[in-house]
Amino acid sequence: MFFFFVGGVEQQVRQVLKSGAGRCIACGSPADLVDCEKVLKLFFVPVWRWPGKDSLMYCNNCKLFFPQSYSLPPPKTEPHPPPAVADALRCRFCDRVVEPEFSFCPFCGTAL
Numbered sequence: 007m008f009f010f011f012v013g014g015v016e017q018q019v020r021q022v023l024k025s026g027a028g029r030c031i032a033c034g035s036p037a038d039l040v041d042c043e044k045v046l047k048l049f050f051v052p053v054w055r056w057p058g059k060d061s062l063m064y065c066n067n068c069k070l071f072f073p074q075s076y077s078l079p080p081p082k083t084e085p086h087p088p089p090a091v092a093d094a095l096r097c098r099f100c101d102r103v104v105e106p107e108f109s110f111c112p113f114c115g116t117a118l
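Spelled out as structure tokens, the structure:
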């Protein structure tokens, strides 16, 4: 008799505690402080859920969970240069400097 088993454990966001609490360590985009839960899936169907131990940071851009202690500080709220110059030279999502002839950000891939 042959038995084939497909299953696994996955982390999922249960509740957002604070939006934009830091920045992602992988891509630099804003990350949220969340409560997470672990989900046991059998044949891609959720069977059992249990709460995670600690609050984690979660990046919506790259779907990465990481501890709050590893988080980069949130973007500074200092005034930017005039909007016409800042919008043309900076990506609105990752806030990195971009060449004006690009249509897409080379760092995060969003349309400019």
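First residue of the sequence shown: 7, per my numbering; consecutive thereafter. Cβ coordinates follow ideal geometry from the N, Cα and C atoms, glycine included.
Whose C-alpha, out of Asp-38, Arg-55, Val-22, Ala-117, is nearest the C-alpha of Gly-14?
Counting from 1 along the sequence shown, the entry for residue 14 is found at position 8. Gly-14 has its Cα closest to that of Arg-55, out of Asp-38, Arg-55, Val-22, Ala-117.
Suppose you measure from the CA of Phe-108 to the CA of Arg-102; what does that come to, to the nearest Å?
Your numbering for residue 108 matches position 102 in the sequence shown. Your numbering for residue 102 matches position 96 in the sequence shown. For Phe-108 and Arg-102, the distance between alpha carbons rounds to 13 angstroms.
For Val-12 and Lys-44, I'd like the C-alpha separation in whole angstroms.
Along the sequence shown, read from residue 1 onward, the residue named residue 12 stands at position 6. Along the sequence shown, read from residue 1 onward, the residue named residue 44 stands at position 38. Distance between the alpha carbons of Val-12 and Lys-44: 17 angstroms.
Does Leu-70 come out as helix, strand or coil in the three-state DSSP assignment?
Position 64 of the sequence shown, counted from the start, is the residue given in the question as residue 70. Here Leu-70 sits in coil by DSSP.
Closer than 8 angstroms by C-beta to Arg-96: which residues in its own chain qualify, once you throw out the five before and the five after it? Chain order, please.
Along the sequence shown, one-based indexing puts residue 96 at 90. Within the same chain, Arg-96 has close Cβ partners His-86, Arg-102, Val-103, Val-104.
Relative to the C-alpha of Phe-49, which residue among Pro-112, Pro-36, Phe-10, Gln-21 is closest?
Position 43 of the sequence shown holds residue 49. Checking every option, the nearest Cα to that of Phe-49 belongs to Phe-10.
What would DSSP say about Ser-77, mapped onto helix, strand or coil?
Stepping through the sequence shown from its first residue, residue 77 is reached at position 71. The answer is coil: DSSP assigns Ser-77 none of H, G, I, E or B.
Examine chain C for any beta-carbon lying closer than 8 angstroms to the beta-carbon of Val-53, and answer yes or no.
Note that chain C does not occur in the displayed structure, where there is just one protein chain.
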